[in-house]
Amino acid sequence: MNNIIRSGEKIVEFYYGGNKLKQSFLELENVKKIKIAVAYVSYYGVELIKEISSKSGLGKNKIEIYISPEFSNQNQVQILQELDSVAQVKIVFDIKFHPKVYLFELKDKSRLVLGSSNLTKGGVESNLEFDTIKDIDNSSNEKLVLECFFENCNNKSKELDISIINWYKEIENDIKELNNIQNKIHRKIYKIQTNKDAFDEEKYDIDDYYFNFSDYELFFDRNIKKGDSNIINSRSNVREKLLNINDNIYH
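Convert by adding 23 to the 1-based position in the sequence shown; the result is the number in the working numbering.
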């Protein structure tokens, strides 16, 4: 869903649900610089940044990404190494870090996104988020304030290096253990909603199968009568998979 508010020549767009945020990123042409400050980032987010940087031919020195020390509860080392290949990565240790700010600088303006979305698949595509998307002049006071914000982030951060990567390698098993505990608690909390499901997400390891848990989840009783954007997208994905199977059988 989207709402657009016009103020003179400025357009402020609020949206929630759907993949409007991803579209707002990928539609940009000739990006000169990227600055991002988010609490959490996933491998999906890394791939999205790679796609944007490749499209505009950006070097690593043109992309700054600030993240929290708890930026992910899985694949931390892989995410850091991949992110380091495309951006200047800075981890903010000196203060609790929880912003979600995206600044894409073009020739005469910048695309600003700020709100609740982290650089994860959930934050960008599927969660119920609330963000503002707007274009601002590069000579405006808003741009100056944003530059001050990122300078503050930089002053409170430590640039990623081999010692930090090695530290995450050292505590990898501890983080996995924490993630398992969090997942267990999460399942218990949501059991009030999922107790009638045909099976739990953790029961079968089907992430790499053609039909994964989210596909089967679509047919659980709690989702049959839903009509929100996420359910509509899931139905579309399953329909496409079924049609592909049909094409492979009869062609």
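Think of the CB as a built atom: it goes at the ideal place given N, C-alpha and C, for glycine as much as any other residue. Fair warning: this is a prediction, and the values are worked out from it, not measured in the lab.
Under 8 Å between C-beta atoms of residue i and residue j
| i | j | result |
| --- | --- | --- |
| residue 123 | residue 137 | yes |
| residue 111 | residue 191 | no |
| residue 119 | residue 182 | no |
| residue 135 | residue 81 | no |
| residue 153 | residue 39 | yes |
| residue 51 | residue 106 | no |
| residue 239 | residue 180 | no |
Rounded C-alpha distance that separates residue i from residue j
| i | j | result |
| --- | --- | --- |
| residue 263 | residue 256 | 11 Å |
| residue 144 | residue 163 | 32 Å |
| residue 165 | residue 49 | 23 Å |
| residue 36 | residue 79 | 24 Å |
| residue 159 | residue 133 | 5 Å |
| residue 252 | residue 150 | 10 Å |
| residue 147 | residue 213 | 22 Å |
| residue 244 | residue 223 | 14 Å |
| residue 76 | residue 109 | 8 Å |
| residue 189 | residue 67 | 22 Å |
| residue 211 | residue 161 | 48 Å |
| residue 126 | residue 167 | 12 Å |
| residue 139 | residue 121 | 9 Å |
| residue 116 | residue 267 | 48 Å |
| residue 216 | residue 250 | 17 Å |
| residue 194 | residue 234 | 33 Å |
| residue 157 | residue 175 | 22 Å |
DSSP-derived helix/strand/coil call for residue i
| i | result |
| --- | --- |
| residue 124 | strand |
| residue 149 | helix |
| residue 239 | helix |
| residue 55 | coil |
| residue 111 | strand |
| residue 185 | helix |
| residue 268 | helix |
| residue 174 | helix |
| residue 257 | helix |
| residue 273 | helix |
| residue 251 | coil |
| residue 133 | strand |
| residue 165 | helix |
Burial state of residue i, where buried means 16 or more other Cβ atoms lie within 10 Å
| i | result |
| --- | --- |
| residue 220 | buried |
| residue 155 | exposed |
| residue 178 | exposed |
| residue 171 | exposed |
| residue 59 | buried |
| residue 271 | exposed |
| residue 201 | exposed |
| residue 247 | exposed |
| residue 227 | exposed |
| residue 259 | exposed |
| residue 141 | buried |
| residue 204 | exposed |
Cβ contact (3+ pairs, closer than 8 Å) linking the region 84-100 and the region 57-65: yes
Closer than 8 Å is the cut-off here; do at least three beta carbon pairs connect the region 77-92 with the region 39-55? yes
Sufficient close CB pairs (3 or more, under 8 Å) joining the region 34-52 to the region 71-83: yes
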